[in-house]
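J.: Residue numbers are given in our numbering: position 140 of the sequence shown equals residue 158, and the series is strictly consecutive. Just so you know, even glycine gets a beta-carbon here, dropped at the ideal spot from N, CA and C. A quick note: this is a predicted structure, and the numbers were derived from the prediction, not measured.
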Amino acid sequence: MVTQSATQRLYLNPYKNILRSKIVKGFADFSKGNYQTLLKLYDNNVHQQFEGNHALAGERFNKAKVELWFQRFIRLLPSKFYIKDMIIQGGPWNTVVIMEFQDEVSPQGITPYVNNGIMKAIVKWGKATHVHIYVDTSKVENALKELAENGVSEASEKAIE
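Right, here's the structure in full:
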């Protein structure tokens, strides 16, 4: 779901409107367990970061590793994303996207929770070359710890890097 402020901001530049709609569609699909739409927006040599010290944390430096990360994320922390706001600045050769979001996380067998976050992406010619995701890592760590205590070994595995 996308809130009104994120959907009503129209840019004079059609590239920004197209990019925004692709990101919105990507997160809508990700909320349904399909990461492929988002993955198509990533450059082959993307640098993706997720803060913390847990199975989803760390840095990945290519699209193949990001795909493994998306798969793990969906398995461990299935989420419904709500885009609260999105700002897109710059030209197609160097675009900065800042997105504020909320995700309702519903891990299997443990208490659901809500997390708020910010994603910063550098996009060049329609492909993300750098993505940094900031969330309340204590909520992620607590959920993964609870999953591990309930027998989900992947929740305590080493980060995909």
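For the candidate residues Y131, T155, V149 and E167, whose alpha-carbon lies nearest to that of K81?
T.: Sequence index remark: in the sequence shown, residue 81 carries index 63 (1-based). The candidate whose alpha carbon is nearest that of K81 is V149.
J.: Hey, how far is the Cα of K83 from the Cα of Y131?
T.: Walking along the sequence shown from the start, residue 83 turns up at place 65. Walking along the sequence shown from the start, residue 131 turns up at place 113. Distance between the alpha carbons of K83 and Y131 is about 26 Å.
J.: Exposed or buried, what is P125 when buried is set at 16 or more other beta-carbons lying within 10 Å of its beta-carbon?
T.: Residue numbering aside, residue 125 sits at position 107 when the sequence shown is read from its first letter. P125 is buried by the Cβ-count criterion.
J.: How about V138 and V158: do their beta carbons lie closer than 9 Å?
T.: For the purposes of this step, residue 138 is taken as the residue at position 120 of the sequence shown. For the purposes of this step, residue 158 is taken as the residue at position 140 of the sequence shown. Checking the sequence, you will find Lys at residue 138 rather than Val. The answer is no: Cβ separation not under 9 Å.
J.: Would you list the one or two residues that DSSP bridges to Q66?
T.: For this step, residue 66 is matched to residue 48 along the sequence shown. In the DSSP output, where bridge partners are listed per residue, Q66 has R78 and V149.
J.: Give me the residue from F119, N160 and N112 with the minimum Cα distance to I140.
T.: Counting from one through the sequence shown, the residue named residue 140 turns up at place 122. Among F119, N160 and N112, the Cα nearest to that of I140 is on N112.
J.: Could you please give the first and the last residue of the uninterrupted alpha helix (DSSP H) stretch that includes T155?
T.: As a first step, residue 155 is located in the sequence shown; it is residue number 137 there, counting from the start. Where T155 is concerned, the enclosing alpha helix (DSSP H) stretches over T155 to E167.
J.: Alpha carbons only, please: which of F48, A173, D154 and E175 is nearest the one belonging to Y100?
T.: One-based indexing of the sequence shown puts residue 100 at position 82. Y100 has its Cα closest to that of F48, out of F48, A173, D154 and E175.
J.: Counting Cβ pairs closer than 8 Å, one from the segment 29-39 and one from the segment 61-74, do we hit at least three?
T.: no
J.: Distance check for N168 and I36, CA to CA, integer angstroms please.
T.: The residue you call residue 36 lines up with position 18 of the sequence shown. The residue you call residue 168 lines up with position 150 of the sequence shown. Going from the Cα of I36 to the Cα of N168 covers about 43 Å.
J.: Output the distance between the C-alpha atoms of I128 and K50, rounded to the nearest integer angstrom.
T.: As a position in the sequence shown, residue 128 is number 110, starting the count at 1. As a position in the sequence shown, residue 50 is number 32, starting the count at 1. Near 19 Å, if we compare the C-alpha coordinates of K50 and I128.
J.: Going along the chain, which residues of its own chain have a beta-carbon closer than 6 Å to the beta-carbon of D154, five neighbours each way excluded?
T.: Here residue 154 corresponds to residue number 136 of the sequence shown, with the count starting at 1. These residues qualify, in order along the chain: N133.
J.: What is the residue span of the beta strand (DSSP E) that V170 lies within?
T.: Stepping through the sequence shown from its first residue, residue 170 is reached at position 152. DSSP places V170 outside any beta strand (DSSP E), giving it a letter other than H or E.
J.: Which residue from G76, E85 and R27 puts its Cα closest to that of T55?
T.: Taking the first residue of the sequence shown as position 1, residue 55 is located at position 37. Closest by alpha carbon: E85.
J.: How would you label G109, buried or exposed, when you count the other beta carbons within 10 angstroms and need 16 or more for buried?
T.: On the sequence shown, residue 109 is found 91 positions in, with the first residue counted as 1. Looking at its Cβ environment, which holds fewer than 16 other Cβ atoms inside 10 Å, G109 is exposed.
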